[in-house]
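Engineer: Have a look at this one.
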Amino acid sequence: MQTSVQLQKKKQLKIPRRNIWSTFKSQKFLFLMMLPGIIWALLFAYAPMAGLYMAFVNYQPTLGGFWSNLFSSEFVGLEWFRYFFTNGDFYIIMRNTLASTLITLLFSFPMPIIIAIAINEIKNAKFKKTVQTASYLPYFISWVIAANIIVTLLASDGVINALLKFLNITDESILFLQEGKYFWWIVAIGNTWKDMGYSSIMYLAAISSINPELYEAAKVDGANRFRRIRYITLPHLKPTIVILLILALGGILNAGFDQHFLLGNELTKEYSDVLSTYTFRYGIQNGMFSYASAVGMFSSVVAFIIVLIVNFTAKKVNGQSLF
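Numbering (UniProt numbering), first residue to last: 1 to 323.
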C-alpha cells in the first residue's frame with residue numbers, strides 16, 4: 001500500500017503534458033533564434049541533395065535550365081557506379097585515399113591531445129598564451145600558402161635537404177616532391193602541422209572542466225606529473241576522444257582536395273590522385289558530371305556507414321557514442 005506522502009510526492013513529480021503550440025508560444029524567441037540555422041540547413045544541406053539524381057542519369061548540359069536538363073536526361077540506373085568499380089581506377093584511387101587518410105590520422109589524431117596536455121602543464125601564463133597562439137596560426141593559413149611553404153622547405157636546395165646533408169644523413173638532395181613514395185607522408189605531416197593547434201582547443205576545453213581538487217588530492221598522495229596525466233587527465237578526456245575519433249573515421253574517404261591538388265604533380269600522380277581530385281578531374285575538367293556525382297555519392301554513403309559502425313562499436317565497448 002502506498003502512503004499518502006508517497007502519493008503526494010508522485011503528484012509533485014508529475015510533469016503536465018503540453019502541446020506543440022503551447023510549447024512554441026512559451027519558447028517562441030528560442031525558436032526564432034533557431035530559424036536562421038534551420039533555413040540555412042534546408043537551403044545548403046538538404047535542397048542540394050536533389051542533385052544526387054545526377055548520379056543515376058546521363059546528364060548532358062544544354063541551353064535549357066539545369067533542372068529541366070537533369071530530369072529530362074536518360075536514366076541509366078547504377079551504370080556509372082558499375083563503371084567506377086570496373087574501369088581500373090577504383091583500386092588506385094581507393095588505395096591512395098585510404099593510405100593518405102590513415103597515415104594522416106596516425107599523426108594528426110594524437111598530436112592535438114599531446115599539445116593540449118602539454119599546454120595545460122605550462123605554469124607561466126604569458127608563455128602559455130604564446131605557445132597557444134603559435135600553435136593556432138597554421139590553421140588560418142590557406143593551403144595555397146601552406147603548400148608553397150612545404151614546397152620551399154622540401155626543394156632540392158631547401159632547408160630539409162640542407163639539414164640532411166649537414167647531419168651526413170645523405171650526400172645528395174632528395175627529390176621529395178618528385179618521388180611518389182614520400183607523398184603520403186608529406187601530406188600527413190603537412191595536415192598535422194596545419195590542424196593540430198586548432199584541434200587541441202576542444203581538448204583544452206575538456207581539460208579545463210576537470211575539478212582542480214582531483215589534482216591536489218593526487219599531489220597529496222604522492223602522484224607525480226605523469227601519473228596525474230595518466231590517471232586524471234586522460235580518463236576525463238576519454239569521452240571527447242571517442243567522439244572526435246568517430247568523426248575522424250567518418251571522414252576516412254575525405255583525404256582533402258587542396259593539399260593533394262597543390263602538392264601533387266604528374267610524377268606523383270599514381271600516389272596523389274584521391275577521390276576528391278579524381279571527381280574534380282572527371283567532373284569539372286572532363287565534363288563527366290554524372291560520373292563525378294556517382295563517385296562523390298559513393299564516398300558519402302561509405303562515410304555514413306563507417307560512422308554508424310564506429311559509433312555502434314564505441315557504444316558497445318565504452319558506453320560512449322556520438323548518438
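For each residue, glycine too, the CB sits at the ideal point set by N, CA and C.
Considering only C-alpha positions, which residue in the set Tyr46, Met33, Gly222 and Val274 is nearest to Leu253?
Structural biologist: Val274
Engineer: In whole angstroms, give me the CA-to-CA distance for Ile309 and Ser108.
Structural biologist: 22 Å
Engineer: Cβ of Leu164 within 8 Å of Cβ of Thr170?
Structural biologist: yes
Engineer: How long is the line joining the alpha carbons of Leu263 and Val151, rounded to whole angstroms?
Structural biologist: 8 Å
Engineer: Can the beta-carbon of Ile93 be found less than 8 Å from the beta-carbon of Ala188?
Structural biologist: no
Engineer: Under the rule that 16 or more other beta-carbon atoms within 10 Å means buried, what is Val5, buried or exposed?
Structural biologist: Confidence at Val5 is low in this model, with a pLDDT of 49, below 50, so the placement of that residue should be treated as unreliable; the coordinate-derived value is given next. Classification for Val5: exposed.
Engineer: Would you tell me roughly how many angstroms separate the C-alpha atoms of Phe312 and Leu244, rounded to the nearest one?
Structural biologist: 14 Å
Engineer: Might you give, ordered along the chain, the residues of its own chain that have their beta carbon closer than 6 Å to the beta carbon of Phe75, omitting 5 neighbours on each side?
Structural biologist: Val57
Engineer: Under 8 Å, do Ile122 and Ser200 count as touching if we go by C-beta distance?
Structural biologist: no
Engineer: Just to confirm before moving on: does the CB-CB distance between Leu322 and Ile246 stay below 8 Å?
Structural biologist: yes
Engineer: Which residues in the same chain as Trp67 place their Cβ atom closer than 6 Å to its Cβ, once the five residues preceding and following it in sequence are excluded?
Structural biologist: none
Engineer: Jot down the residue ranges of each uninterrupted alpha helix (DSSP H) in the segment 248-276, minimum 4 residues, whole runs only, in chain order.
Structural biologist: 257-263 and 269-272
Engineer: For Val131, tell me which candidate among Trp184, Ile145, His236 and Tyr198 has the shortest Cα-Cα distance.
Structural biologist: Tyr198
Engineer: I need the straight-line Cα distance from Ile284 to Tyr278, nearest angstrom please.
Structural biologist: 10 Å
Engineer: Which residues bound the alpha helix (DSSP H) around Lys316?
Structural biologist: Phe289 to Asn318
Engineer: To the nearest whole angstrom, what separates the beta carbons of Asn161 and Ser173, a pair I think is in contact under 8 Å?
Structural biologist: 4 Å
Engineer: Please determine, among Ser208, Phe261 and Ser72, the residue with the shortest C-alpha to C-alpha distance to His236.
Structural biologist: Ser208
Engineer: From what residue to what residue does the alpha helix (DSSP H) around Ser73 run?
Structural biologist: Segment: none, Ser73 is in no alpha helix (DSSP H) and carries neither H nor E.
Engineer: Hey, how far is the Cα of Tyr282 from the Cα of Asn96?
Structural biologist: The alpha-carbon atoms of Tyr282 and Asn96 are separated by roughly 17 Å.
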